[in-house]
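A.B. asks: To start, I am sharing the structure in question, which I have written as C-alpha cells.
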Amino acid sequence: MSSLKINMAKGVMWTAVGKYAGVVVSIIVSMILARLISPEDFGVVAIAQVVITFVGVLSDLGIGTAVIQNKTLSESDLDSIFTFTILFAFLCSGVVTAASPFVADYYGNAKLIPVCAMIALAMLFNIVNTVPQSLFMKNKRFAFTAKRDLLFNCGGCIISIVYALMGGGCYALVLTPIITAAGLLTVNLRQYPRHIDWHMHMAPIRKIFSFSVFQLLFCVENYFSRNLDKLIIGKSLSLTDLGYYQKSYNLMMMPMQNITFVITPVLQPFLSDFQNDLKFIAEKYLQIIKLVATISVPLGIMLYFTAYELVTILYGVKWEPAVPAFRILALSVPLQMVLSTSGSIFQATNRTKALFITGVITTCETVLGFLVCAFIHGGMVAFATAWTVTNAVCFITTYIIMYRFEFGISSWPVYKQFAHPMVNGIIIFASCYGIQTVLGGSSPFLSLILKIAASGVSTVLVVLFYKDYNLKYYFKAGMSRILGFFRRFRQ
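All the letters of the sequence shown, read from the start, carry residue numbers 3 to 493 under this note's numbering.
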C-alpha cells in the first residue's frame, strides 16, 4: 500500500475507534432517554436546535476548514483569528439568548427560552474552539482526538441520564452538548495554547477570506436544505409529530454520522496536500465512492426492512408512529452517505466557490420539494418522501458539477461505482422480504437478527464474487492491529 493509503487508513481507523465507541454510548443513552422523556420534549429541543444551528453556521464563518487548508498561517495569524472567534462567539450567543423569547412566542412554548439559552452556551464554547480544533485536524492527530471525544461524550451522557432520572425533561437533552463543548475547549487549549491578540490584525482574516466566505455560504445553504422540513413541520404540525419525525430522522442519520463521518474528517487534511493534482484526487475519490457505496447500499435496504424492529426495540412502542417516516428516509441513506463526502473534495481542491454554487442549486431543489409537500398539506411520510426524492436529484447535480465542470471529465464513472452494490441490494431486498413474509411481526428480535445476518452474508459473498476487495488481507491486518493494541495496553 502507498504511504498515502497507509496514513489515511490510520486516520480513519482512529476516527472509527472514537466514533464507534461513541455509537455504543449514544445508542444506549438514546434508548434510556427515549423512555424517560416525552416526544413533545424531543420536539422542543428539535426546534431550538434548528434555530441555534443557523446562528452556529453563521458564526463558524468557514474558518475551521480554511485553517486546515491554508499552509502559510503563522502563530501570530492564528492568534488573531482566535481572538476574532472569541468576540464573535459572545456576539452570537448574546443574540441567540436575546432572541429566545421571540422564538418561544412564535412556537407557543415557554420551554424554548431556557433551552435556547443553554444551547447558546454550548455554541459559545464551540465557536471559540474553532481554531484549536482545526489544528488537531491539520496536524492529523486523529488518535488523540478519538480518545478525547469519547471521554467527554461519555461524561456528558452520564450526567444527562442522571438529570433525566431526576425529572429534567427536555433540559436533560441539552446538557451533553454543553459539557462536551466546554471539556473539548479546555483540553484543546492545553494542547494548542492560543493567546488573545489585543490589537487583532485583520490581515490573517483577509488571508483566509477567499476560501472561508464560500465555505460559509455553502454551510448556510446546507443548513436550509437539511432543516427546512423541521421548521415547516414544527409550525404546521404538532410538536409531538415533530418529535416523531426528528427521532426517525436522527435514526436515519446514524449510519452517515458514524460511517462516512469517520472518513470525511480525514479526507481534507490528507488530500489538501495534493490540491494542485486534480486528476489524482478525482481517481482517488472514485475509490472512496465505491467503498462507501459498498457499505451504504446494503445498509439502506436493510434499514428499510428493519424499521419497525429498530424503532420499537431501541426506543419503545410509544415511538411506533415514527416507523413509516423512518422507512422512507432509510431509502435515502446510500446516496446521502456518498454525497456527504463531496464537501471535503471541494475543500481539498480549493473549490469552495464551486461548493457554494452547488449548494445554491441543490438547496433550491430541496426547498422546491418541501414547498410542494407543504402546499399539498403533507404529513410526516410526505416530508420524508420529499427528502428522499430531492436527495437523489441533488446527488446527480453535485457530481455533474464536480466531475464535468471542475475535474473536466465525465461524471459517469461515479454512477458506475454503484453497479456491484446494487446487485447486492437486490439480493438483500429479496432475502429480507422473504424473512418478513415468513415471520411477519411475531418475533421482532429474531426478525432483526435474521435480516442483519442475511445482509451481511450477501455483502461478503458479492464482494468475494466480484473481487472488489481483498477481505482476507483486511481481516488479517485488522486483527493484527487489534492484537497489537491489546499487547501495548497490557504492557
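We put the beta carbon where it would ideally sit given N, CA and C, even for glycine. Here the structure is a predicted model, which is why all the values come from computation and not from measurement.
Here's the rule I'm using: 16 or more other beta-carbon atoms within 10 Å means buried, otherwise exposed. How should Y435 be labelled?
C.D. replies: When all chains shown are included, Y435 counts as exposed.
A.B. asks: Please give the ranges of any alpha helix (DSSP H) in the segment 390-478, keeping only runs that are unbroken, at least 4 residues long and fully inside the region.
C.D. replies: If we require 4 residues or more, the alpha helix (DSSP H) runs fully inside the segment 390-478 come out as 414-418, 421-441, 446-468.
A.B. asks: Closer than 8 angstroms is the cut-off here; do at least three beta carbon pairs connect the segment 97-106 with the segment 127-134?
C.D. replies: Touching, no, given that fewer than three Cβ pairs across the two stretches are closer than 8 angstroms.
A.B. asks: Counting C-beta neighbours from all protein chains within 10 Å, is the total for F409 16 or more, i.e. buried, or is it exposed?
C.D. replies: Answer is buried; the Cβ neighbour count reaches 16.
A.B. asks: Taking the C-alpha atoms as reference points, what is the distance between L175 and I315?
C.D. replies: Rounded to the nearest angstrom, the two C-alpha atoms are 21 angstroms apart.
A.B. asks: In or out: T439 buried (at least 16 other Cβ within 10 Å) or exposed?
C.D. replies: Burial call: exposed.
A.B. asks: With DSSP run on the structure shown, which of helix, strand or coil describes R37?
C.D. replies: Residue state, collapsed to three classes: helix.
A.B. asks: Below 7 angstroms CB to CB, which residues in the same chain sit around L333 once its five sequence neighbours on both sides are set aside?
C.D. replies: The residues are G302, Y306, T390.
A.B. asks: Within 10 angstroms of its Cβ, does A350 collect 16 or more other Cβ (buried), or is it exposed?
C.D. replies: The residue in question, A350, is buried, as its Cβ has 16 or more Cβ neighbours within 10 Å.
A.B. asks: Please return the same chain residues whose Cβ sits closer than 6 angstroms to the Cβ of T296, not counting the five positions on each side in sequence.
C.D. replies: The residues are P423.
A.B. asks: I think I65 touches A91, with their Cβ atoms under 8 angstroms apart; what is that distance to the nearest whole Å?
C.D. replies: That pair is no contact at about 11 angstroms.
A.B. asks: Assign K478 to buried or exposed, taking buried as 16 or more other Cβ atoms, counted over all protein chains shown, within 10 Å of its Cβ.
C.D. replies: That one is exposed.
A.B. asks: By the three-class DSSP mapping on this structure, what secondary structure does Q338 have?
C.D. replies: The answer is helix: DSSP assigns Q338 an H, G or I state.
A.B. asks: Please state whether DSSP places A112 in a helix, a strand or coil.
C.D. replies: Note: A112 maps to coil in three-state DSSP.
A.B. asks: Any chance you could list the alpha helix (DSSP H) runs of at least 4 consecutive residues sitting entirely within the segment 158-201, in chain order?
C.D. replies: You should have 177-193.
A.B. asks: Can you tell me the Cβ-Cβ gap for T400 and L463, rounded? I've got them flagged as a contact below 8 angstroms.
C.D. replies: About 31 angstroms separates the two Cβ atoms, so there is no contact after all.
A.B. asks: Flag this pair as touching only if the segment 157-169 and the segment 180-187 have three or more C-beta atom pairs under 8 angstroms; answer yes or no.
C.D. replies: They touch, by the three-pair rule.
A.B. asks: Alpha carbon to alpha carbon, how far is I163 from M33?
C.D. replies: Going from the Cα of I163 to the Cα of M33 covers about 11 angstroms.
A.B. asks: Do I207 and F86 have their C-beta atoms within less than 8 angstroms of each other?
C.D. replies: Yes, these two residues count as a Cβ contact at 8 angstroms.
A.B. asks: CB-CB under 6 angstroms to I347, same chain, minus the five flanking residues each way: which ones, in chain order?
C.D. replies: Result list for I347: Y287, in chain order.
A.B. asks: According to the Cβ coordinates, are L331 and S444 closer than 8 angstroms?
C.D. replies: Cβ atoms of L331 and S444: not closer than 8 angstroms.
A.B. asks: Cutting at 6 angstroms between CB atoms, please list the residues of its own chain near V215, excluding the five before and the five after it.
C.D. replies: Excluding residues within five positions, none has a Cβ falling inside 6 angstroms.
A.B. asks: Short check: CB of V416 to CB of I290, under 8 angstroms?
C.D. replies: Against a cut-off of 8 angstroms, the Cβ pair of I290 and V416 comes out as no contact.
A.B. asks: Give me the Cα-Cα distance between F385 and A309, rounded to the nearest whole angstrom.
C.D. replies: Those two C-alpha atoms are separated by around 17 angstroms.
A.B. asks: Looking at the secondary structure, which residues open and close the alpha helix (DSSP H) in which A68 lies?
C.D. replies: A68 -> alpha helix (DSSP H) spans 65-71.
A.B. asks: With distances taken Cα to Cα, identify the nearest neighbour of L312 among F467, G427, K453.
C.D. replies: Among F467, G427, K453, the Cα nearest to that of L312 is on K453.
A.B. asks: My output table needs one value for G96: the three-state DSSP class, helix, strand or coil.
C.D. replies: DSSP places G96 in helix when its eight states are reduced to three.
A.B. asks: Using a threshold of 8 angstroms, state whether the C-beta atoms of A394 and L337 are closer than that.
C.D. replies: Yes. Within cutoff.
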